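Every letter in the sequence shown is one number past the one before it in full-length UniProt numbering, and letter 188, counting from 1, is 188. For each residue, glycine too, the CB sits at the ideal point set by N, CA and C. In this text, all values refer to a predicted model and were calculated from it rather than measured experimentally.
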Amino acid sequence: MNMPTADMQRDKTFMLGGNWLNSHATVPRWWYDTWNYYINITLFPWLEVGYLCMGHKAVPIDYGNRSGYWVPSTYGKFVNQDRSFHFRLRVWKEGWWKAWTPQILVGANDGIGDSWNGGSLSKPSELNYGNGFLNRYYIAISKHFQFDKIGTLGVHACWIYSSRFDNTLNDPAIGANLKLGLPNTSFLNKIANGANLMVEIVPGYTDVKEDLTFNPHGSKYQMNLGMEYSFWKDYINAVVELNRCKYFSGGLIFKVHLK
């Protein structure tokens with residue numbers, strides 16, 4: 001899903017994953033369907049870091065109406081990738097002080113992108129279609145509620161900021177997830193208990209014009225549906241998303257708990 005939450009992985013969890021992404025699930029730079037793969041490590045209970053690679057396809061005319069960059073013999077093939085770093089820092093743990101207090105987290109996606117030109121933060125809004133495509137910063141709040149014989153409901157809110165010219169954001173997002181915890185009284189219940197159902201309303205531009213330049217009049221907010229299904233004690237997870245409730249993306253996550 002596209003909305004950050006304050007949920008953290010278990011301490012010392014290593015994750016390796018990959019996804020096939022519909023163009024509506026990314027940012028304007030990827031006006032075609034693409035793929036990604038990543039690693040993520042929870043170094044401490046309060047700190048996660050990740051490294052993400054997104055596939056670039058060779059095309060005659062690319063984002064920003066630019067041509068001549070890719071070798072013609074490679075047109076239609078994925079020949080390069082965009083690399084980015086991500087971090088998440090928990091600043092307040094759920095239940096500290098009072099039982100009702102939520103978890104609070106700050107984070108960044110692609111916060112140091114385009115390092116050759118000084119990084120995403122140094123001049124992120126320049127109209128140059130440069131790197132740092134996924135750049136955004138956020139603060140997220142999450143709170144969980146247990147429902148006997150049903151599962152755990154998580155409610156999430158966050159504020160997202162980015163000053164990229166093609167994804168200018170200073171806006172809220174909301175979402176919820178329900179991790180099923182039905183009584184293990186039947187085979188169907190046991191199967192259902194691997195599911196985590198998700199919904200979100202999140203800002204983020206995705207559209208381009210016919211000439212492949214950024215379309216500032218495209219939809220800014222998306223309503224997305226998703227599901228994560230856990231196999232083999234959470235070591236393998238399948239994830240699917242319906243961006244805008246209709247565009248499919250999906251992937252797999254492999255987890256190893258080092259502690």
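Exposed or buried, residue i, counting other C-beta atoms within 10 Å across all chains shown (16 or more means buried)?
{"i": "LYS255", "result": "buried"}
{"i": "PHE214", "result": "buried"}
{"i": "PRO203", "result": "buried"}
{"i": "ASP148", "result": "exposed"}
{"i": "ILE61", "result": "exposed"}
{"i": "VAL27", "result": "buried"}
{"i": "MET8", "result": "buried"}
{"i": "SER73", "result": "exposed"}
{"i": "TYR75", "result": "exposed"}
{"i": "TYR51", "result": "exposed"}
{"i": "SER249", "result": "buried"}
{"i": "ILE160", "result": "buried"}
{"i": "TRP232", "result": "exposed"}
{"i": "ASN170", "result": "exposed"}
{"i": "SER125", "result": "Legend: pLDDT at SER125 = 46, less than 50; position of this residue unreliable, value from coordinates given subsequently. Classification for SER125: exposed."}
Report the residue from the options whose alpha carbon sits nearest the alpha carbon of residue i.
{"i": "residue 315", "options": "SER219, ASN80 and ILE41", "result": "Lying before the first or after the last residue shown, residue 315 is absent from the chain, which here runs from 1 to 259."}
{"i": "PHE44", "options": "PRO172, VAL91 and TRP35", "result": "VAL91"}
{"i": "GLY154", "options": "TYR161, THR42 and LYS143", "result": "LYS143"}
{"i": "TYR38", "options": "ASN22, TRP31 and MET15", "result": "MET15"}
{"i": "GLY181", "options": "ILE201, THR152, PHE187 and GLY76", "result": "THR152"}
{"i": "LEU212", "options": "ASN167, LEU188 and ARG29", "result": "ARG29"}
{"i": "ASN131", "options": "ILE150, ASP110 and ALA140", "result": "ASP110"}
{"i": "PHE78", "options": "GLY64, VAL59 and TYR63", "result": "VAL59"}
{"i": "LEU252", "options": "GLU241, PRO102 and ASP33", "result": "GLU241"}
{"i": "ASN167", "options": "SER186, GLY95 and THR206", "result": "THR206"}
{"i": "ASP234", "options": "MET54, ARG10 and PRO4", "result": "ARG10"}
By DSSP, does residue i sit in helix, in strand, or in coil?
{"i": "PHE165", "result": "coil"}
{"i": "THR152", "result": "strand"}
{"i": "ASN65", "result": "coil"}
{"i": "ASN189", "result": "helix"}
{"i": "PRO172", "result": "strand"}
{"i": "THR13", "result": "strand"}
{"i": "ALA99", "result": "coil"}
{"i": "ALA140", "result": "strand"}
{"i": "ALA108", "result": "strand"}
{"i": "ALA6", "result": "coil"}
If you draw a straight line from the C-alpha of residue i to the C-alpha of residue j, how long is it?
{"i": "TYR138", "j": "ILE236", "result": "28 Å"}
{"i": "TRP70", "j": "ARG164", "result": "24 Å"}
{"i": "ARG88", "j": "GLU48", "result": "5 Å"}
{"i": "VAL199", "j": "TRP35", "result": "22 Å"}
{"i": "ILE191", "j": "MET1", "result": "22 Å"}
{"i": "THR209", "j": "ALA6", "result": "Residue 209 is actually Lys in this sequence, not Thr. Cα-Cα distance, rounded: 34 Å."}
{"i": "PHE85", "j": "VAL106", "result": "15 Å"}
{"i": "ALA173", "j": "ILE41", "result": "25 Å"}
{"i": "ARG83", "j": "HIS24", "result": "20 Å"}
{"i": "CYS245", "j": "ILE201", "result": "11 Å"}
{"i": "SER46", "j": "GLN146", "result": "The question names Ser, but residue 46 is Trp in the sequence shown. Each residue's alpha carbon lies about 23 Å from the other."}
{"i": "TYR221", "j": "TRP20", "result": "21 Å"}
{"i": "GLY64", "j": "TYR229", "result": "38 Å"}
{"i": "ASP99", "j": "PHE133", "result": "The sequence given here has Ala at residue 99, not Asp. ALA99 and PHE133: Cα-Cα distance of roughly 39 Å."}
{"i": "LEU258", "j": "GLY218", "result": "44 Å"}
{"i": "GLY226", "j": "TRP97", "result": "33 Å"}
{"i": "GLY136", "j": "LYS12", "result": "Residue identity differs from the one stated: residue 136 is Arg in this sequence, not Gly. If I take the Cα positions, the gap works out to 25 Å."}
{"i": "PRO216", "j": "GLY194", "result": "40 Å"}
{"i": "SER162", "j": "ALA140", "result": "15 Å"}
{"i": "PRO4", "j": "ASN224", "result": "13 Å"}
{"i": "ALA157", "j": "PHE187", "result": "35 Å"}
Consider the Cβ of residue i: report whether some Cβ of chain C lies at a distance smaller than 8 Å.
{"i": "ASP82", "result": "Included in the structure is just one protein chain, with no chain C present."}
Next item on the list: Enumerate, from N- to C-terminal direction, the unbroken beta strand (DSSP E) stretches of 3 or more residues contained entirely within the stretch 192 to 247.
Entry: 195 to 203, 221 to 231 and 236 to 243
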